[in-house]
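Asks:
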Amino acid sequence: MPFLRGPGPLRRTLKYLEAGKFHLRNQIKVMTVAYNTELKSHEQMREFVFWSFPQLQFKNPDVQIVSLTNLTPTPFIQCFLESGKKVLLDLDGLTAQEIQDRLLRTVCKPKEILDRERIASIKAANPANFGDEFERHCICELPGQVPCPSIVLLPDKMRGKFKYKQDF
Numbered sequence: 001m002p003f004l005r006g007p008g009p010l011r012r013t014l015k016y017l018e019a020g021k022f023h024l025r026n027q028i029k030v031m032t033v034a035y036n037t038e039l040k041s042h043e044q045m046r047e048f049v050f051w052s053f054p055q056l057q058f059k060n061p062d063v064q065i066v067s068l069t070n071l072t073p074t075p076f077i078q079c080f081l082e083s084g085k086k087v088l089l090d091l092d093g094l095t096a097q098e099i100q101d102r103l104l105r106t107v108c109k110p111k112e113i114l115d116r117e118r119i120a121s122i123k124a125a126n127p128a129n130f131g132d133e134f135e136r137h138c139i140c141e142l143p144g145q146v147p148c149p150s151i152v153l154l155p156d157k158m159r160g161k162f163k164y165k166q167d168f
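Using UniProt numbering, you'd call the opening residue of the sequence shown number 1 and step up by one each time.
(1) Look at the Cβ atom of Q100, then the Cβ atom of S52, and state whether they are nearer than 8 Å.
(2) Round the Cβ separation of F22 and Q55 to the nearest angstrom and send it over; I've been treating them as touching at under 8 Å.
(3) Excluding five sequence neighbours on each side, which residues of the same chain lie with their C-beta closer than 7 Å to the C-beta of F130?
(4) What's the gap between the Cα of F48 and the Cα of H42?
(5) Please state whether DSSP places A34 in a helix, a strand or coil.
(6) If distances are taken between C-alpha atoms only, which option among K59, L10, S83 and D92 comes closest to T74?
(7) Secondary structure at Q64, three-state DSSP: helix, strand or coil?
(8) Is DSSP giving I151 helix, strand or coil here?
(9) Taking all protein chains shown into account, do 16 or more other C-beta atoms lie within 10 angstroms of the C-beta of M45, making it buried, or fewer, making it exposed?
(10) Helix, strand or coil for K85, going by three-state DSSP, please let me know.
(11) Please list the terminal residues of the continuous alpha helix (DSSP H) segment that includes T106.
(12) Buried or exposed: which applies to N36, given that a residue is buried once 16 or more other Cβ atoms fall within 10 Å of its Cβ?
(13) As a quick exercise: from R25, P9, R12 and G8, pick the residue whose alpha carbon is nearest that of residue 178.
(14) So, helix, strand or coil for Q27, using DSSP?
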């Protein structure tokens, strides 16, 4: 299978990409990752880019993520917000795990917001849900459905009382 060839084929599997926890904040529109491929001090940044960059791109399709290699003496990540401001993360001397932690703390959404968004999308995305906390209280509110028997009686042919009536 050609899909699983090359360096780190695990990085291109859907299961691995979906397991990423990098959900950038909505204000971030462009993100640049700058590092040097030759310097020894940039090895952890290269490792972060190798393993986490695909997850970052997969989880944030609306964010333009640019990798700048061999342009700077120190590794950094710079985020451009929609308000025009910039957020600069200096990552010199950090391990790949520390880079992930710093990225999660500063520019990613907190867990509480992610949980709230997930619950809201579940509620809004499924029109088959009925009840007090959903958009529709009862299925009878949909056009083409049989009205509630408490409001309008069903025809006798649809009621078990008459349908299965036995004359003795």
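For each residue, glycine too, the CB sits at the ideal point set by N, CA and C. The structure displayed is predicted, hence computed values, not measured ones.
Replies: The answer reads as follows:
(1) Yes, they are a contact pair.
(2) 6 Å between Cβ atoms; contact.
(3) Hits under 7 Å: R136, H137, C138 and I139.
(4) Roughly 10 Å between the two C-alpha positions.
(5) When DSSP states are grouped into helix, strand and coil, A34 belongs to the strand group.
(6) When the alpha-carbon of T74 is set against those of K59, L10, S83 and D92, the nearest one is in D92.
(7) Strand, per DSSP.
(8) It is coil, neither helix nor strand.
(9) Classification of M45: buried, given that the 10 Å Cβ count is 16 or more.
(10) In the displayed model, K85 falls within coil according to three-state DSSP, outside both helix and strand.
(11) DSSP places T106 inside the alpha helix (DSSP H), whose first and last residues are A96 to T106.
(12) In summary, N36 is buried, with 16 or more beta-carbon neighbours lying within 10 Å of its beta-carbon over all protein chains present.
(13) Only positions 1 to 168 of the chain appear in this structure, which leaves residue 178 out of reach.
(14) Coil.
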